[in-house]
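Residue numbers (UniProt numbering): 1 to 265. Ideal placement from N, C-alpha and C gives every residue a C-beta, glycine not left out.
Here you go:
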């Protein structure tokens with residue numbers, strides 16, 4: 001989660017701390033049961049109408065909860081909190097608030113959803129509800145999330161995930177303008193500080209990191225795990241970190257925790 005903060009009129013500040021990469025962020029803030037047991041459950045007494053909206057009207061597949069959850073998540077980051085209620089817990093102040101997000105299914109159908117969130121002190125915001133809404137002011141529309149369709153683990157699945165993450169990472173790499181560095185007797189170095197970065201998946205026993213090793217797309221980490229290096233032609237550590245961050249974000253949205261390692265050379 002990128003940094004996001006706001007202040008109340010009496011200057012009390014609330015901030016979302018970083019939650020990605022390194023975590024399965026969607027599972028952290030939107031538990032699977034919130035979707036399978038409620039939003040996609042036609043047999044739920046209170047959730048039936050929501051299942052009709054998400055599945056029948058918009059065309060979301062119940063097994064593709066991450067594609068919807070990623071849009072809720074990005075909508076949370078893009079929007080300003082609505083209906084903000086400040087609450088005091090033993091550990092400090094927190095809040096309840098809503099966000100309006102225009103979600104899009106893989107079929108292309110769209111609908112506005114009011115997502116309700118709870119933010120407790122020193123914790124990640126957690127989804128409390130999601131209902132259809134017809135409001136118009138303050139709606140945000142996230143980009144199509146980089147989430148592959150769920151399927152059984154296979155070489156084809158991991159190849160699609162790697163290509164998607166690499167594509168997003170290359171865009172971030174190209175969009176990064178390094179801070180120039182001036183060295184005595186050498187002048188201006190446009191690429192700035194020199195260095196490299198990689199994405200580390202610490203649990204190398206999982207199917208995806210094993211596939212990385214088998215296909216030569218990853219290397220064994222110094223202290224375990226599997227690393228994916230940034231091999232694009234640039235000596236800029238800022239560009240390498242941008243690549244690694246974007247790659248790791250895609251992995252996180254697809255349920256594979258990873259973290260970034262960068263070093264100067």
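- Uninterrupted beta strand (DSSP E) stretches inside the stretch 111-174 (no shorter than 3 residues): 126-132
- residue 233 classed as buried or exposed, judged by whether at least 16 other C-beta atoms fall within 10 angstroms: exposed
- Item | Limits of the unbroken beta strand (DSSP E) element including residue 259 | 259-264
- DSSP-derived helix/strand/coil call for residue 61: coil
- Mark residue 174 as exposed unless 16 or more other C-beta atoms lie within 10 angstroms of its C-beta, in which case mark it buried. exposed
- Message: Just to confirm my understanding: we take residue 88, look at its own chain, exclude 5 residues before and 5 after, and list those with CB closer than 8 Å. What are they?
- Response: 94
- Query: Going straight from the alpha carbon of residue 134 to that of residue 102, what length do you get?
  - Reply: Each residue's Cα considered, the two are about 10 Å apart.
- Message: Please classify residue 91 as buried or exposed, where buried requires at least 16 neighbouring CB atoms within 10 angstroms.
- Response: exposed
- Item | Same chain only: Cβ atoms within 6 Å of residue 265, ignoring 5 sequence neighbours per side | 194 and 195
- Query: With 16 as the cutoff for other CB atoms within 10 Å, does residue 152 come out buried or exposed?
  - Reply: Residue 152 is exposed by the Cβ-count criterion.
- Item | Sub-7 Å separation of residue 71 and residue 142 beta-carbons | yes
- Report buried or exposed for residue 192, applying the criterion of at least 16 other Cβ atoms within 10 angstroms of its Cβ. buried
- Item | Paired residues, beta bridge with residue 103 - DSSP | Under the DSSP definition of a beta bridge, residue 103 partners with 111.
- Item | Own chain residues within Cβ distance below 8 Å of residue 221, not counting five before or after | 200, 202, 204 and 227
- Continuous beta strand (DSSP E) stretch holding residue 234: start and end: Element bounds for residue 234: n/a, residue is neither H nor E.
- Item | residue 3 - DSSP class collapsed to helix/strand/coil | Caution applies to residue 3, whose pLDDT of 44 falls short of 50 and renders its modelled position unreliable; the value that the coordinates give is listed next. Correct three-state label for residue 3: coil.
- Task: State the start and end residues of the unbroken alpha helix (DSSP H) segment that holds residue 210.
- Result: Note, residue 210: alpha helix (DSSP H), 207-215.
- Item | Bridge partners - residue 66, DSSP secondary structure assignment | In DSSP, residue 66 forms no bridge with anything.
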